[in-house]
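Chemist:
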Amino acid sequence: MGTSTSLSNLALNRSIRDGETLVSEGGTFESGFFSPGSSNGRYFGVWFRNSFDYPGDTLLLGMKLGLNLETGLDRFVTSWKSEDDPAKGDFSFKFDLRGYPELYFRKGSVIKIRKGSRNGVAFTGSIFSLFKITPLGSGQRMVWTNQTRNPEVIASGGQDQGFIPKFPEEWNLSYWSNGSVRRTTLDCGNKNGFCRYTNMKLPDTSSWFYKTMNLKECQKLYLRDCSCTAYANLDIRSGGSGCLHWFDDLIDIRMFLQNGQDFYLKVPASELDHDADGNIKKQLEIIGGVISFALTTCASIVIHKRESGSSPLTGEEPLHEQTDEGRHKSADI
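Per UniProt numbering, the sequence shown starts with residue 1, numbered consecutively.
Printed below as a string of structure tokens:
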């Protein structure tokens, strides 16, 4: 096959040869001969040149994903039907807009992997330059780095202080899918506190969120809310803003070595470390874990702090009502 040549038009008495392509006037479409996958045959096809709006089976650095609420364009990644057939396959990688938007990897309508929510900079625990879905449903993630070209272990199984395996016999086999349960149940009538954990992939965010609250306001509100189990910043830029909160089970929490997000988990006072005077000690603890509660770096706070110069929190502070006005949707999600 000779050098590829692009044509802008094709006269009635002119033919297009293998190695030549025909490009539309606006540059949006291109047609020509190609061999899909491992096929030895040559086929004539038409493809989009503006593929950043239509990613197909490959997501490149700089591409957008999600729904544009103004134009209705929904950008998502889908697998090919097979290595030789570019028709739409069974697997997809797209945003779910229920609650706070997050990415899901699905086979048909069945969720296989939850990529996580976006914190204003990136997806929690997410760095990649190219992502491709294969017809068999595997994801190929490629990252270029000048520091190393060797694979690195990013996580291993473990659990947080205050939690025990739901099924210990499964954990002995390094199977953690059923997660952990609390060692001590939260009691609304007693003092509870929050532990701050770093470098986390946040739990499933199919929940409510506030756009204008800060972390201090979140803490005050959720210490008094018996149904709240955890919270985190909505956006980590410029010191952080907004608040995500969880009320039910915390699904799919992961701890990374880097690029995760701070996460605040409610725990009973009995699980917090205190000094001889009853004050809470800040503790640093490294825990290797990829489980429902694999967490690290706990800086504990209780509702009645006995620190110098601080006053206890009471029920007199104004509460922020949870309304639709506190939720946020942008043109590109």
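Ideal Cβ placement from N, Cα and C applies to all residues, glycine included.
#1: Does DSSP put Tyr54 in a helix, a strand or coil?
#2: For the alpha helix (DSSP H) that contains Gln219, what are its first and last residues?
#3: In three-state DSSP terms, what is Ser238?
#4: Rounding to the nearest angstrom, what Cα-Cα distance links Phe247 and Phe52 in this structure?
#5: Nearest by alpha-carbon distance to Met63: which of Thr71, Tyr54, Tyr43 is it?
#6: So what's Ser109 in DSSP terms, helix, strand or just coil?
#7: Based on Cα-Cα distance, which residue from Ser35, Tyr43, Ala269 lies nearest to residue 336?
#8: Here's a check: name, in chain order, each residue in its chain whose Cβ is nearer than 7 Å to the Cβ of Ala11, leaving out the five neighbours to either side.
#9: So, under 8 Å CB-CB, Leu265 and Ala230 are touching, yes? Tell me the CB distance rounded to an integer number of Å.
#10: For the beta strand (DSSP E) that Lys266 lies in, which residues bound it at each end?
#11: Kindly indicate if chain C contains any beta-carbon less than 8 Å away from that of Leu223.
#12: According to the neighbour-count rule (16 or more other Cβ atoms, all chains shown, within 10 Å of its Cβ), is Ala276 buried or exposed?
#13: Would DSSP call Glu271 helix, strand or coil?
#14: Could you please give me the residues that DSSP links to Cys195 through a beta bridge?
#15: Evaluate Asn40 with the Cβ neighbour count: other Cβ atoms within 10 Å of its Cβ, from every protein chain shown; 16 or more gives buried, anything less gives exposed.
#16: Alpha carbon to alpha carbon, what distance is there between Phe29 and Gln213?
#17: Give me, in chain order, the residues of the same chain whose beta-carbon lies closer than 6 Å to that of Asp74; leave out the 5 immediate sequence neighbours on both sides.
#18: So what's Ser15 in DSSP terms, helix, strand or just coil?
#19: Could you check if Leu284 is buried or exposed, using at least 16 other CB atoms within 10 Å of its CB as the buried criterion?
#20: In the DSSP assignment, find the unbroken beta strand (DSSP E) run with Glu20 in it and report its ends.
#21: Return the CA-CA distance between Gly44 and Gly37, expressed in angstroms with no decimal places.
Modeler: This is what the structure holds:
#1: In the structure shown, Tyr54 sits in coil (DSSP, three-state: anything other than H, G, I, E or B).
#2: For Gln219, the enclosing alpha helix (DSSP H) has its first and last residue at 215-224.
#3: helix
#4: Put simply, the backbone Cα of Phe247 is about 37 Å away from that of Phe52.
#5: Comparing alpha-carbon positions, the option among Thr71, Tyr54, Tyr43 lying closest to Met63 turns out to be Tyr54.
#6: In the structure shown, the three-state DSSP call for Ser109 is coil.
#7: An answer regarding residue 336 cannot be provided, because it is not within the stretch 1 to 333 covered by the chain.
#8: Closer than 7 Å at Cβ, skipping near neighbours: no residue.
#9: 5 Å
#10: 261-268
#11: The question asks about chain C, but that chain is absent: this structure has only one protein chain.
#12: For Ala276, the pLDDT reaches just 40, beneath the cut-off of 50, and the residue's location in the model is therefore unreliable, leaving the point undetermined.
#13: helix
#14: Leu265
#15: When all chains shown are included, Asn40 counts as exposed.
#16: Here residue 213 is Met; the residue named in the question, Gln, does not match the sequence. Going from the Cα of Met213 to the Cα of Phe29 covers about 47 Å.
#17: Leu67
#18: Ser15 falls in the coil class under three-state DSSP.
#19: Bear in mind that a pLDDT of 30 at Leu284, under 50, signals an unreliable position, so the number given afterwards is only what the model happens to contain. Answer is exposed; the Cβ neighbour count stays below 16.
#20: From DSSP, the beta strand (DSSP E) with Glu20 extends over 20-23.
#21: According to the sequence provided, residue 44 is Phe. The question's Gly does not apply to it. Going from the Cα of Phe44 to the Cα of Gly37 covers about 14 Å.
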